[in-house]
Amino acid sequence: TNNEAGYSDILDGFVADFETERAFDTDSMLDAITTVGEYATGSVGWLEQLISESAAAGDNKQAQLTRVAEALSNTTGVSLDEEMSLMLDLEQSYKASSKLVATVDEMIQALLAAVK
Numbered sequence: 107t108n109n110e111a112g113y114s115d116i117l118d119g120f121v122a123d124f125e126t127e128r129a130f131d132t133d134s135m136l137d138a139i140t141t142v143g144e145y146a147t148g149s150v151g152w153l154e155q156l157i158s159e160s161a162a163a164g165d166n167k168q169a170q171l172t173r174v175a176e177a178l179s180n181t182t183g184v185s186l187d188e189e190m191s192l193m194l195d196l197e198q199s200y201k202a203s204s205k206l207v208a209t210v211d212e213m214i215q216a217l218l219a220a221v222k
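Quick look at the structure:
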């Protein structure tokens with residue numbers, strides 16, 4: 107039982123140390139004189155704030171990237187609707203040209219047949 111009492115005293119000492127005010131580095135942007143528990147709580151809050159700010163900055167950068175990509179696509183990209191319309195116009199022109207060539211061919215064939 108002697109070891110158990112000594113162990114309990116050690117634990118009580120640790121708890122007391124956590125509640126004792128200490129000096130911490132001021133670069134941490136937390137209180138310079140505080141307890142370990144309060145310092146740990148402040149550190150968690152400080153880290154959560156940094157995480158939140160980083161996430162917001164990441165979201166802003168992603169939105170900015172999306173807007174820039176859209177602007178680039180609108181400026182230099184290919185519009186499928188526009189390209190399809192141009193392709194259909196080209197197809198209609200090709201059909202009209204092939205009919206014209208076929209008609210001219212028939213006329214030349216008829217002319218050659220008449221000359222013979």
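Take the sequence shown: its position 115, counted from the start at 1, is 221 in our numbering, and no numbers get skipped. Just so you know, even glycine gets a beta-carbon here, dropped at the ideal spot from N, CA and C.
In this structure, the beta-carbon distance from Phe130 to Thr140 falls below 9 Å. In the DSSP assignment, Arg128 forms a beta bridge with Thr140. Counted as a single uninterrupted DSSP element, the alpha helix (DSSP H) harbouring Asp195 occupies residues 186 to 221. For Gly183, the three-state secondary structure derived from DSSP is coil. Annotated as distal: Gly151 and Asp137, with beta-carbon spacing of 9 Å or more. A straight-line Cα-Cα distance of about 35 Å links Met190 and Met213. Between the alpha carbons of Val184 and Leu178 lies a gap of roughly 11 Å.
When only Cα atoms are considered, Tyr200 and Thr172 end up about 40 Å apart. Spanning the alpha carbons of Asp211 and Leu186 requires a straight line of approximately 37 Å.
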